[in-house]
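Novice: Take this structure, written in structure tokens, and hold onto it; I'll ask about it next.
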Amino acid sequence: MKINGFIKLVKLGIPRMDGRRTISGRGFKFDKISETQSLSAEEIEEFDKVSMISLKTLKIPEHARQKLHNLAKQFVKKKDLEKLGRYMAKQLTSRNCVELPRVLPSKLLCETKEEKNKIEKMLDKKSYKCLKEFISQYKNKSKEIEQVALTHAEDSRHKINITFFPEVSISYTLHNFNGNYGIMYRIFNEIKIRVPDFSAKKILNYSAVPAASIIAFSEVYNCSHEKILVVESSQHLASISKYILDNIPNVKYQMHLYENFDSFDLVVISHKLLSLYDYNSRNIFIQNLWNKVEKNGILIIVENGTPTGFRMLHSIREMFITELKYNKFHIISPCPHENICPLALTGKDWCHFSQRTLRLSHHIYCKGSQMKNTDEEKFSYLVIRKCEGPRTKYNSENEALTVHEKSFFWPRVVMPTIKAGKHVLLDVCSYPYNFERLVVTKSSSLISNLKTKTGTILKGYGYKKARKILWGDLWRFTKRISRPDARLYTPESTKNILYRLYLRQKRRSNIKSVVDSKSQAYYNSRSIQYYTS
0 MKINGFIKLV KLGIPRMDGR RTISGRGFKF DKISETQSLS AEEIEEFDKV
50 SMISLKTLKI PEHARQKLHN LAKQFVKKKD LEKLGRYMAK QLTSRNCVEL
100 PRVLPSKLLC ETKEEKNKIE KMLDKKSYKC LKEFISQYKN KSKEIEQVAL
150 THAEDSRHKI NITFFPEVSI SYTLHNFNGN YGIMYRIFNE IKIRVPDFSA
200 KKILNYSAVP AASIIAFSEV YNCSHEKILV VESSQHLASI SKYILDNIPN
250 VKYQMHLYEN FDSFDLVVIS HKLLSLYDYN SRNIFIQNLW NKVEKNGILI
300 IVENGTPTGF RMLHSIREMF ITELKYNKFH IISPCPHENI CPLALTGKDW
350 CHFSQRTLRL SHHIYCKGSQ MKNTDEEKFS YLVIRKCEGP RTKYNSENEA
400 LTVHEKSFFW PRVVMPTIKA GKHVLLDVCS YPYNFERLVV TKSSSLISNL
450 KTKTGTILKG YGYKKARKIL WGDLWRFTKR ISRPDARLYT PESTKNILYR
500 LYLRQKRRSN IKSVVDSKSQ AYYNSRSIQY YTS
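Oh and the sequence shown: position 45 is 44 in the working numbering, straight run, nothing missing.
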């Protein structure tokens with residue numbers, strides 16, 4: 000009878016007489032063995048805080064909303080304001096490229112004034128010898144040549160500058176303020192969480208809507224700055240920014256960048272690359288701003304989440320990788336490495352993310368349908384710090400000392416998650432330069448060498464977090480590689496290139512493999528059954 004009574008106590012999870020509590024399951028496989036056997040509750044909370052950095056729907060501060068409301072009252076008719084805003088949105092959309100990301104010839108995008116027979120006139124110049132070699136190598140591949148001509152023609156449309164009259168400036172601010180605020184708030188929030196030792200005293204802001212990024216910074220860092228320099232060539236946009244930021248101190252405005260020779264802790268460039276002339280001017284522009292960043296400072300570059308925006312950021316990323324040493328900089332976000340971009344090599348995807356923000360009230364400014372009160376802002380971005388990073392200091396995640404340093408080795412979810420029955424599919428960009436699909440199942444165990452202190456293998460480890468993970472979060476759990484071919488279209492040539500780069504990097508830094516050979520063979524044999532889901 001005593002034995003039966005003890006069994007009942009164990010099933011109910013009632014404390015025993017010796018003070019110890021037994022672990023009771025609730026019928027779920029992933030709930031029988033808790034995560035706390037290997038990590039404490041405080042450690043799990045800290046890991047989740049650093050890894051789950053994406054934000055859901057954001058709302059602008061009340062004082063900013065009231066300022067925008069007062070700006071909207073300057074128009075006699077609200078319909079005229081909304082009509083002008085829609086016209087501005089169409090103008091900006093026409094400047095964005097509609098190209099397909101088949102090829103990324105970022106170093107071949109130079110500008111000409113002519114629009115007819117672009118390939119022939121480009122080949123006549125001496126400065127396009129590299130382009131001649133490129134075409135001679137791919138003369139039998141007309142699609143690549145057509146792509147070069149298409150990207151070149153689309154780049155010629157980006158030189159159009161918008162004249163910001165007072166009415167245009169007000170409608171432009173009302174139309175884009177909320178989206179820019181949400182994007183910049185998300186980026187600043189991630190920097191504050193993952194780089195806790197960073198503090199910006201001197202800030203250079205070069206943004207399309209400068210007030211949005213400055214308010215986002217002040218909300219995250221509680222106005223900890225000493226000086227903010229805003230570069231805005233339009234007097235009307237600058238006056239609107241002064242009106243919105245009247246409660247934020249130490250904000251100075253300039254029409255041009257060359258008027259200042261100071262260095263800054265934080266440099267923000269938001270939605271400005273599309274207005275520059277060509278590839279060379281963009282590179283010179285970024286190099287000049289990078290020289291103004293102090294040591295341990297941060298450079299933030301944000302562009303539209305389109306193939307063109309990603310192509311321009313990718314070319315800037317290439318410039319940093321090829322012209323700077325790894326101990327001179329490191330990428331904080333979104334890339335988990337400082338090597339070739341595997342997403343660009345696929346030729347069918349581009350790295351971009353999404354942030355949801357609440358619109359202004361319809362009685363202030365109706366951006367679209369009155370049935371919809373949120374916007375999904377797509378954006379591509381780079382956050383680069385001017386110092387040696389954890390991936391250069393340490394060879395693997397196990398050598399990192401803090402959770403924040405470990406997060407630089409975690410894969411990033413670069414596509415919306417696919418939640419299916421009893422398993423979740425995650426498309427991640429991982430260290431070192433891999434684009435792969437992970438399958439997180441509810442019942443299958445992890446690799447064989449992952450055990451708890453009690454010697455048991457955790458079942459369904461990370462499944463509950465995978466159901467909650469958002470687009471842009473970090474995957475902190477041990478990887479389960481069931482689909483090396485992410486999204487089922489990686490060509491064989493790309494696989495070979497990535498594999499050779501991986502072996503070269505492994506020989507340099509002696510990286511230890513995450514899974515042993517026996518576990519890798521096991522997952523290779525099981526990977527086929529997941530391709531049909």
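All C-beta atoms, glycine included, are put in the ideal place defined by N, C-alpha and C.
Whole angstroms are fine: how far does the CA of L70 sit from the CA of N279?
Specialist: Mapped onto the sequence shown, residue 279 falls at position 280. Mapped onto the sequence shown, residue 70 falls at position 71. Roughly 38 Å between the two C-alpha positions.
Novice: The beta strand (DSSP E) spanning F263 covers which residue range?
Specialist: To locate residue 263, count along the sequence shown from 1; it is residue 264. Unbroken beta strand (DSSP E) run through F263: 263-269.
Novice: Give every residue of the same chain whose Cβ lies closer than 7 Å to the Cβ of S168, excluding the five residues on either side of it in the sequence, and list them in chain order.
Specialist: The sequence position of residue 168 within the sequence shown is 169, counting from 1. Closer than 7 Å at Cβ, skipping near neighbours: S233, H235, L236, I239.
Novice: Is it a yes or a no for the segment 356-368 touching the segment 76-87, going by three-plus beta-carbon pairs under 8 Å?
Specialist: Cβ pair count under 8 Å is three or more, so yes.
Novice: Thinking C-beta only, is N188 closer than 8 Å to S269?
Specialist: As a first step, residue 269 is located in the sequence shown; it is residue number 270 there, counting from the start. As a first step, residue 188 is located in the sequence shown; it is residue number 189 there, counting from the start. No, these two residues do not count as a Cβ contact at 8 Å.
Novice: Measure the beta-carbon distance from Y184 to L57 and round it to whole angstroms, keeping in mind my assumption that it falls under 8 Å.
Specialist: Numbered from its first residue, the sequence shown carries residue 184 at position 185. Numbered from its first residue, the sequence shown carries residue 57 at position 58. Contact flag correct, Cβ pair sits at about 6 Å.
Novice: Excluding sequence positions up to five away, which residues of its chain have a Cβ less than 7 Å from the Cβ of S332?
Specialist: To locate residue 332, count along the sequence shown from 1; it is residue 333. Same-chain partners within the cutoff: E189, V382.
Novice: Is it buried or exposed for Y430, if we count other Cβ within 10 angstroms and need 16 for buried?
Specialist: For the purposes of this step, residue 430 is taken as the residue at position 431 of the sequence shown. So Y430 counts as buried.
Novice: Would you be able to state if there are at least three C-beta pairs under 8 Å between the segment 44-57 and the segment 400-411?
Specialist: These segments touch.
Novice: H422 by DSSP, collapsed to three states: which one?
Specialist: For the purposes of this step, residue 422 is taken as residue 423 along the sequence shown, with counting starting at 1. Strand at H422.
Novice: Assuming T356 and N177 make a contact with CB atoms under 8 Å, what is their CB distance in whole Å?
Specialist: What you label residue 356 is simply residue 357 of the sequence shown in a count that begins at 1. What you label residue 177 is simply residue 178 of the sequence shown in a count that begins at 1. Contact flag correct, Cβ pair sits at about 5 Å.
Novice: How is F434 classed by DSSP in three states: helix, strand or coil?
Specialist: Indexing the sequence shown from 1 puts residue 434 at position 435. Strand.
Novice: Using the Cα positions of K66 and L80, report the straight-line distance between them to the nearest angstrom.
Specialist: Stepping through the sequence shown from its first residue, residue 66 is reached at position 67. Stepping through the sequence shown from its first residue, residue 80 is reached at position 81. Whole-angstrom Cα-Cα distance: 16 Å.
Novice: Compare the beta carbon distance of A199 and H224 with 8 Å and say whether it is the shorter of the two.
Specialist: The count along the sequence shown starts at 1 and reaches residue 199 at position 200. The count along the sequence shown starts at 1 and reaches residue 224 at position 225. Cβ distance < 8 Å, so A199 and H224 count as in contact.
Novice: Sorted by chain position, which residues of the same chain lie with C-beta nearer than 7 Å to H422's C-beta, five sequence neighbours on each side aside?
Specialist: One-based indexing of the sequence shown puts residue 422 at position 423. Excluding residues within five positions, the ones whose Cβ falls inside 7 Å are V438, V439, T440, K441.
Novice: According to the neighbour-count rule (16 or more other Cβ atoms, all chains shown, within 10 Å of its Cβ), is Q354 buried or exposed?
Specialist: Position 355 of the sequence shown, counted from the start, is the residue given in the question as residue 354. It counts as buried.
Novice: Tell me the start and end of each unbroken beta strand (DSSP E) in the segment 317-344 that is at least 3 residues and wholly inside, in chain order.
Specialist: Those beta strand (DSSP E) runs which fall completely within the segment 317-344 and span 3+ residues are 329-332.
Novice: So, helix, strand or coil for D123, using DSSP?
Specialist: Here the question's residue 123 lines up with position 124 in the sequence shown. If DSSP states are grouped into helix, strand and coil, D123 belongs with coil.
Novice: Using a Cβ-Cβ cut-off of 8 Å, state whether S492 counts as contacting chain C.
Specialist: No chain C is present in this structure, which holds just one protein chain.
Novice: Tell whether a beta-carbon distance below 8 Å holds between W349 and L342.
Specialist: The residue given as residue 349 occupies position 350 in the sequence shown. The residue given as residue 342 occupies position 343 in the sequence shown. Result yes, Cβ atoms of W349 and L342 sit closer than 8 Å.
Novice: What are the boundary residues of the beta strand (DSSP E) that includes G178?
Specialist: Looking up residue 178 in the sequence shown gives position 179. No beta strand (DSSP E) contains G178, which is instead part of the alpha helix (DSSP H) from 165-193.
Novice: Report, in whole angstroms, the separation of the C-beta atoms of I315 and I285, which I expect to be a contact under 8 Å.
Specialist: Locating residue 315 in the sequence shown gives position 316, counting from the first residue. Locating residue 285 in the sequence shown gives position 286, counting from the first residue. About 5 Å; that satisfies the 8 Å criterion.
Novice: Runs of 4 residues minimum, wholly inside the segment 43-94: which ones carry the alpha helix (DSSP H) assignment?
Specialist: Fully enclosed alpha helix (DSSP H) runs of 4 or longer: 61-71, 77-94.
Novice: Return the residue from the list E398, L425, K418 that minimises the CA-CA distance to R411.
Specialist: On the sequence shown, position 412 is the one that residue 411 refers to. Nearest C-alpha to R411: L425.
Novice: By the three-class DSSP mapping on this structure, what secondary structure does Q253 have?
Specialist: By 1-based counting over the sequence shown, the position of residue 253 is 254. Looking at Q253 - three-state DSSP - the assignment turns out to be strand.
Novice: Specify, as a first and last residue, the run of the alpha helix (DSSP H) that L288 falls within.
Specialist: For the purposes of this step, residue 288 is taken as residue 289 along the sequence shown, with counting starting at 1. Looking at the DSSP string, the run of the alpha helix (DSSP H) that includes L288 is 278-290.
Novice: Excluding the 5 residues flanking N295 on each side, which residues of the same chain have their C-beta closer than 6 Å to its C-beta?
Specialist: Translated into the one-based positions of the sequence shown, residue 295 becomes position 296. Result list for N295: C386, in chain order.
Novice: In whole angstroms, what separates the C-alpha of C109 from that of M51?
Specialist: Residue mapping note: residue 109 aligns to position 110 of the sequence shown, counting from 1. Residue mapping note: residue 51 aligns to position 52 of the sequence shown, counting from 1. Low confidence applies here, because C109 scores a pLDDT of 39, under 50, leaving its location unreliable; read the following figure in that light. C109 and M51: Cα-Cα distance of roughly 40 Å.
Novice: Can you check DSSP and say which residues form a bridge with R411?
Specialist: Within the sequence shown, residue 411 is the residue found at index 412, counting from 1. Paired residue(s): C428, L473.
Novice: Look up Q234 in the DSSP assignment and say whether it is helix, strand or coil.
Specialist: As a working note, residue 234 is residue 235 in the sequence shown. If DSSP states are grouped into helix, strand and coil, Q234 belongs with the helices.
Novice: From I214 to I496, what distance separates their C-alpha atoms?
Specialist: For this step, residue 214 is matched to residue 215 along the sequence shown. For this step, residue 496 is matched to residue 497 along the sequence shown. If I take the Cα positions, the gap works out to 44 Å.
Novice: With distances taken Cα to Cα, identify the nearest neighbour of P60 among E218, E41, E166, D196.
Specialist: By one-based count along the sequence shown, residue 60 stands at place 61. The shortest C-alpha separation from P60 is found at E218.
Novice: Give the single residue among K467, Y498, E396 whose Cα lies nearest to the Cα of T477.
Specialist: Within the sequence shown, residue 477 is the residue found at index 478, counting from 1. Ranking the options by Cα distance to T477, first place goes to E396.
Novice: Beta carbon of I339, beta carbon of T416: below 8 Å?
Specialist: On the sequence shown, position 340 is the one that residue 339 refers to. On the sequence shown, position 417 is the one that residue 416 refers to. No, Cβ-Cβ distance for I339 and T416 is not below 8 Å.
Novice: Under three-state DSSP, which class holds G308?
Specialist: In the sequence shown, counting from the first residue as 1, residue 308 sits at position 309. If DSSP states are grouped into helix, strand and coil, G308 belongs with the helices.
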